[in-house]
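Under the numbering used here, the letters of the sequence shown match residues 22 to 107, in that order. Scroll down for the structure; my scribbles are underneath it.
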Amino acid sequence: MPLIVIFEAMTLYEFEALDLTEKAEAVWRGTFLAYREADGRRIQLYSLPGCYVEAFYDPQSNKITDFRSFTGKQLLVPYLEQLNLF
Numbered sequence: 022m023p024l025i026v027i028f029e030a031m032t033l034y035e036f037e038a039l040d041l042t043e044k045a046e047a048v049w050r051g052t053f054l055a056y057r058e059a060d061g062r063r064i065q066l067y068s069l070p071g072c073y074v075e076a077f078y079d080p081q082s083n084k085i086t087d088f089r090s091f092t093g094k095q096l097l098v099p100y101l102e103q104l105n106l107f
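Here is the structure:
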């Protein structure tokens, strides 16, 4: 039987417990906020109900290689110029 994951009001810890495919599904249901480039990768920032998530995309392999979830505001600093806070 396939695993059914519910993405509403997911906590940071619940997100971290997901495998890479489940994390991707959760992120695509989130809200895209901004992106940046670093180390040859495109990093996209998403907002989920319980946390923020960065999706790391490698253009050479054309794949998402990793996700980083967080709740603190410090990791939002690289995106501040793109975010409309008012």
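Using N, Cα and C, we set each Cβ at its ideal position, and we do this for glycine too.
task: Inspect the beta-carbon positions of Leu96 and Tyr67 and report whether they are closer than 9 Å.
output: no
field: Boundaries of the beta strand (DSSP E) in which Leu69 is found, first to last residue
entry: Note, Leu69: beta strand (DSSP E), 62-69.
- request: Give me the Cα-Cα distance between Tyr34 and Phe91, rounded to the nearest whole angstrom.
  value: 10 Å
- prompt: Given that a residue counts as buried once 16 or more other Cβ atoms are within 10 Å of its Cβ, and exposed if not, what is Lys44?
  reply: buried
message: Considering only their Cβ atoms, is the gap separating Ala47 from Gln103 smaller than 9 Å?
response: Taking 9 Å as the cut-off, the beta carbon of Gln103 is found no closer than this to the beta carbon of Ala47.
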